[in-house]
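Each remark here refers to the structure printed beneath this line.
There are 2 protein chains.
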Amino acid sequence: MSPLAVPDGSLAVAVDVVLLALQLTGDTAEPVFLAQRRRNQPFAGMWSLPGVIMRDREDLESAVHRALARSGTALERIRHMEQLGTFGAPQRDPRGRVMSVSYLALLPQPAKAEADTEWLPATPPPAHATTLAFDHAEILSTAVERLRGKLSYSNVAFGLLGESFTLSELQAVYEAVLGRELDKRNFRKKVLARDLVAESDGMRRGAHRPARLYRFRHTELVLLDDIL
Amino acid sequence: MSPLAVPDGSLAVAVDVVLLALQLTGDTAEPVFLAQRRRNQPFAGMWSLPGVIMRDREDLESAVHRALARSGTALERIRHMEQLGTFGAPQRDPRGRVMSVSYLALLPQPAKAEADTEWLPATPPPAHATTLAFDHAEILSTAVERLRGKLSYSNVAFGLLGESFTLSELQAVYEAVLGRELDKRNFRKKVLARDLVAESDGMRRGAHRPARLYRFRHTELVLLDDIL
DNA sequence: CCAAAAGTGTTGACAATACACCCATGC
DNA sequence: GCATGGGTGTATTGTCAACACTTTTGG
């Protein structure tokens with residue numbers, strides 16, 4: 413990251429991305445986000461969210477794409493993206509006036525991390541508060557809260573799953589993000605009653621009884637009338 | 413509004429505000445927003461949202477306050493404010509690169525409009541689409557949708573009402589924003605069951621039977637577990 | 001045959017809806 | 001006394017939560 417000098421009287425806009433995925437470690441799933449180790453001042457050595465400084469004549473989405481490319485993430489793996497908000501505290505960047513327009517991006521699995529990047533746990537953020545640069549801890553927790561809320565009244569979980577999946581896998585997504593266990597029978601009833609998913613071809617075969625595969629009916633965000 | 417020249421290679425950030433209130437015209441309530449007539453190019457003569465260009469070292473909230481002051485709105489009348497989002501299409505301002513961080517602000521009544529400002533209907537927006545400058549029609553409809561959603565799962569209606577009010581007035585707020593009628597008995601049951609409001613002292617006396625006054629239990633945004 | 005995950009129904013409590021009349025006041 | 005909005009209850013229906021066992025496969 414090249415040193416950034418923000419001349420007084422001017423104003424820079426950063427675009428920062430909370431890239432979220434679920435890490436399936438053995439028998440449990442854990443929400444993780446992509447962190448980049450900062451090489452330069454300020455906050456050298458600390459973790460930060462991938463971000464770029466916006467260029468003139470650049471779209472917000474293009475800037476997000478640049479940030480993702482720089483973090484080593486293939487664009488086509490991103491299944492959902494939405495704006496979180498804009499953070500503009502004057503002191504958030506010690507170098508000068510840099511506002512941050514932040515985005516949430518979801519992808520099915522944490523791809524291999526490049527040098528100086530790592531997937532860190534996103535959910536119990538007590539530890540990060542001190543270890544994330546700028547106000548990125550605040551942005552991260554905004555992202556997790558947004559995702560939690562949207563699980564209840566949208567199909568946003570499609571962003572964290574591949575093309576097809578079992579209902580148990582879907583439930584694991586909900587449980588991991590919400591941080592609590594759900595009743596298997598009630599969960600299946602509700603998901604099916606709301607027509608969130610449709611049966612897909614084939615079965616997931618594993619060590620035990622094969623499980624029916626499903627896919628989301630829509631792979632763009634759809635809001636539900638009713639709450640889940 | 414002074415002419416704005418955005419030098420190439422630089423980037424300006426505007427803060428635009430959707431100031432919403434309910435206009436009580438006789439027997440019906442109608443959501444209205446504050447519009448400013450543009451005196452300068454571009455879009456001279458068209459209606460626009462109140463907004464300012466951010467200064468260096470200025471907080472986002474301070475910029476919103478400046479925009480409100482310029483529009484002739486007393487700050488202390490604002491009962492709720494929240495960020496809507498950031499609009500960054502490169503061509504949204506023909507003068508150059510100007511992103512807009514937009515805010516929603518609620519107040520109990522549309523105060524008298526100053527010169528070159530007017531309260532216009534906010535809800536059936538077909539007409540504005542052509543008459544609002546920049547992408548302000550899009551920002552306005554984002555604001556209305558946000559408010560509609562939040563009525564259902566928060567106490568955000570406090571922003572559109574004064575200190576005390578009758579349940580019929582509260583219901584009128586919901587009906588005006590949602591654009592449909594609600595059942596009086598069920599509405600009262602739900603509002604009271606959720607402890608949104610508490611009884612206040614006194615009665616509203618009018619042409620007919622006096623009505624009990626209520627006040628919101630909280631005058632900052634509170635999210636409800638359950639949906640209204 | 002054992003371990004492990006997949007799959008499946010019922011019941012009771014509560015919440016949401018639909019619906020109509022009497023009450024208190026000003027004029 | 002009448003017009004106007006304020007205020008109230010019930011019956012029905014639908015929805016949510018709690019709860020345990022059988023099935024299918026791999027090893």
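As you go down the protein sequences, you meet chains A and B in turn. If you're matching positions, the first sequence starts at 413 in this note's numbering and goes up one per residue. If you're matching positions, the second sequence starts at 413 in this note's numbering and goes up one per residue. All residues carry an ideal CB built from backbone N, CA and C; glycine is no exception.
Check	Outcome
Where P502(A) meets chain B, residues with beta-carbon distance less than 8 angstroms	R469, E470 and D471
Short Cβ contact (8 angstroms threshold) for L518(B) with H548(B)	no
DSSP-derived helix/strand/coil call for M413(B)	Residue placement at M413(B) is flagged as unreliable, the pLDDT there being 41, under the threshold of 50; a coordinate-derived value is accordingly withheld.
Residues near I490(B) in its chain [Cβ-Cβ closer than 6 angstroms; skip 5 each side]	A517 and L519
C-beta neighbour in chain B for R509(A), strict 8 angstroms	yes
Inter-residue spacing [alpha-carbon to alpha-carbon] between T437(B) and W531(B)	13 angstroms
Sub-8 angstroms separation of V425(B) and M466(A) beta-carbons	no
Short Cβ contact (8 angstroms threshold) for P462(A) with A479(A)	yes
Buried versus exposed call for V585(B) [16 or more other C-beta atoms within 10 Å across all chains shown]	buried
Where G500(A) sits in the DSSP three-state scheme	coil
Coil, strand or helix - A545(B) by DSSP	coil
C-beta atoms of R629(A) and D607(A) nearer than 8 angstroms	yes
C-beta neighbour in chain B for S414(A), strict 8 angstroms	Bear in mind that a pLDDT of 43 at S414(A), under 50, signals an unreliable position, so the number given afterwards is only what the model happens to contain. No, no contact with chain B.
Whole-Å CB distance - V647(A) paired with V476(A), under 8 angstroms assumed	Here chain A has residues from 413 to 640 only, and residue 647(A) is not among them.
Cβ-based burial, T631(A) [other Cβ within 10 Å; buried from 16]	exposed
Which residues DSSP lists as bridging P533(B), in chain order	V444(B)
Where R592(A) sits in the DSSP three-state scheme	coil
Within-8 angstroms CB hit, V513(A) to chain B	yes
Where Q503(B) falls, given that 16 or more other Cβ within 10 Å makes a residue buried	exposed
N- and C-terminal bounds of the beta strand (DSSP E) containing A623(B)	A623 to F628
Identity of the residue in A441(A), V568(A), V430(A) and R482(A) nearest S580(A) by Cα	A441(A)
Inter-residue Cα distance where the pair is A534(B) and L432(B)	8 angstroms
Where A425(B) meets chain A, residues with beta-carbon distance less than 7 angstroms	The displayed chain sequence assigns Val, not Ala, to residue 425(B). Chain A residues near V425(B): L423, V425 and M511.
Sub-8 angstroms separation of Y626(A) and T578(A) beta-carbons	yes
Rounded separation between E575(A) and Q448(A) - CA only	28 angstroms
Neighbouring residues, chain A, relative to G574(B) (Cβ below 8 angstroms)	None at all; the shortest Cβ gap to chain A is about 29 angstroms.
Interface flag, T554(B) vs chain A, CB-CB below 8 angstroms	no
Contact under 8 angstroms by Cβ, S553(A) with L633(A)	no
Test: G618(B) CB closer than 8 angstroms to a CB of chain A	no
Within chain B, partners of M466(A) - CB distance below 7 angstroms	L423
Outcome for P443(B) when other beta-carbon atoms lying within 10 angstroms are tallied against a minimum of 16	buried
Cross-strand partners of L516(B) (DSSP beta bridge)	V430(B) and E494(B)
Three-state secondary structure assigned by DSSP to L647(A)	Lying before the first or after the last residue shown, residue 647(A) is absent from chain A, which here runs from 413 to 640.
Per-residue contacts from G591(B) into chain A (C-beta, under 7 angstroms)	Neighbours of G591(B) on chain A: none; closest Cβ ~16 angstroms, over 7 angstroms.
Sheet register partners of E488(A) (DSSP bridge)	Bridge partners of E488(A): none, in fact.
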